[in-house]
Amino acid sequence: YSNAILALLDLSSLASIGGYLEVYSNAMLASLDLSSLASIGGYLQVSDNAKLASLGLSSLTSIGEYLRLESNANLKTFEAPMLTSVGGSVEILGNPLLTCFKAPSLGYIATSLQVGKLTDSTFGNPNLRCLQLNSSIQVIEGASISFSDANYLPDCIMDTEKGTGPLPPCVQDGKSCVDPGSCEIFPPSAPPPSPPPPLPPPPSPSPPSPLPSPAFAQPPPPTACSDVFNSRTNVRDVEDGGLWCNSRDSRRNAIECPQFYYGVTAIGGGSMTVYLCQYNENKRKCTSPGPGLECPLPRM
């Protein structure tokens, strides 16, 4: 008790307790696993745990003394499906969000059953909709049954009674409450989500576009004499004014004229004019000369 930072308490391997179990004033406790606990020789008290939302005792069959659920601000469900007897009282007091108390096998309470509020100045169980005990439950003669008016349960507003008289109609018997689904601590697994619709088939690939016919790169028009003579673009010596492509190299070997080339026309005074030419296969000469660039004759 009084553990300010305890958030998880796993006692899933604990099978029995000879004395008592008290879970008290643990402000951060949100999960308490007692799934294997079968018997408690003393009492079980769960009180003032602000974040505990559910308490399941799936294996518990007996409590030697009393069972008390008190002032748990966030407790919504209590479930003990195998619990058959409590040697003292069962007290469900001041749990503002408690919706369901399920103990469908509980057939014997030795001293009293109290459902309501702690004192006249405190709250009760205003959301309690399901109080489930065995239909043949016995409360020994002289014990008290108390349902205060601080409960949501219809037909459960009554003064304290003594003896073994019938329980009020609000106590559900058998195996289920009016709305069993609202009481499930571990609700049934949701059905798996529908698989996403299949993706549409990818569009058929378009046939590749035919590759363009290979073309020779067009050099820029001559702008500087050094660009012309330092480039790897063919420079052809042509007759004055003809601008035609030589069909043989300096060794008189036959060559193929390129689509574009620089045509050179010698003029007087040791200079020449360079043109950008486009080879015309039929005329074997430059048919669309660009602007000429006057350059000095290169030294051989």
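Under UniProt numbering, think of the first position of the sequence shown as 1, with each following residue one higher.
From the three backbone atoms N, C-alpha and C, an ideal C-beta is built for every residue, glycine too.
The structure displayed is predicted, hence computed values, not measured ones.
Quick one: using the 10 Å Cβ neighbour count with 16 as the cut-off for buried, is residue i buried or exposed?
| i | result |
| --- | --- |
| residue 204 | exposed |
| residue 77 | buried |
| residue 190 | The pLDDT assigned to residue 190 is 45, lower than 50, so where the model puts this residue is not dependable, and the model offers no usable value. |
| residue 8 | exposed |
| residue 198 | exposed |
| residue 175 | In this predicted model, residue 175 has a pLDDT of only 49, less than 50, meaning its place in the structure is not dependable; the value taken from the coordinates is given anyway. Exposed, by the Cβ-count rule. |
| residue 89 | buried |
| residue 294 | exposed |
| residue 12 | exposed |
| residue 112 | buried |
| residue 10 | exposed |
| residue 202 | exposed |
For residue i, which of the options has the nearest alpha-carbon?
| i | options | result |
| --- | --- | --- |
| residue 62 | 71, 76 and 38 | 38 |
| residue 54 | 65, 71 and 30 | 30 |
| residue 83 | 132, 127 and 94 | 132 |
| residue 18 | 24, 66, 25 and 41 | 41 |
| residue 85 | 134, 200, 14 and 101 | 134 |
| residue 15 | 6, 52 and 33 | 33 |
| residue 224 | 171, 296, 200 and 202 | 296 |
| residue 109 | 3, 67 and 147 | 67 |
| residue 74 | 171, 119 and 100 | 100 |
| residue 52 | 96, 292, 114 and 137 | 96 |
| residue 27 | 46, 10, 80 and 11 | 46 |
| residue 130 | 137, 11 and 115 | 115 |
| residue 24 | 13, 56 and 69 | 69 |
| residue 137 | 93, 128 and 105 | 105 |
| residue 81 | 3, 57 and 10 | 57 |
| residue 117 | 107, 92 and 102 | 92 |
| residue 123 | 48, 107, 272 and 94 | 94 |
| residue 48 | 65, 79 and 3 | 3 |
| residue 119 | 102, 271, 147 and 128 | 147 |
| residue 50 | 64, 98 and 274 | 98 |
| residue 171 | 126, 103 and 200 | 103 |
Would you call the CB atoms of residue i and residue j closer than 7 Å?
| i | j | result |
| --- | --- | --- |
| residue 36 | residue 71 | no |
| residue 44 | residue 21 | yes |
| residue 87 | residue 64 | yes |
In the DSSP assignment, the beta strand (DSSP E) including residue i goes from what residue to what residue?
| i | result |
| --- | --- |
| residue 24 | 21-24 |
| residue 33 | 31-33 |
| residue 77 | 77-79 |
| residue 92 | 90-93 |
| residue 68 | 67-70 |
Sort out for me which residues DSSP pairs residue i with in a bridge.
| i | result |
| --- | --- |
| residue 295 | 272 |
| residue 102 | 79 and 132 |
| residue 85 | 62 and 108 |
| residue 56 | 79 |
| residue 9 | 32 |
| residue 47 | 24 and 70 |
| residue 225 | BP columns for residue 225 are empty, so no partner. |
| residue 39 | 16 and 62 |
Under 6 Å from any heavy atom of the ligand GTP, does the C-beta of residue i make it?
| i | result |
| --- | --- |
| residue 111 | The ligand GTP is absent from the structure shown, which contains no ligand whatsoever. |
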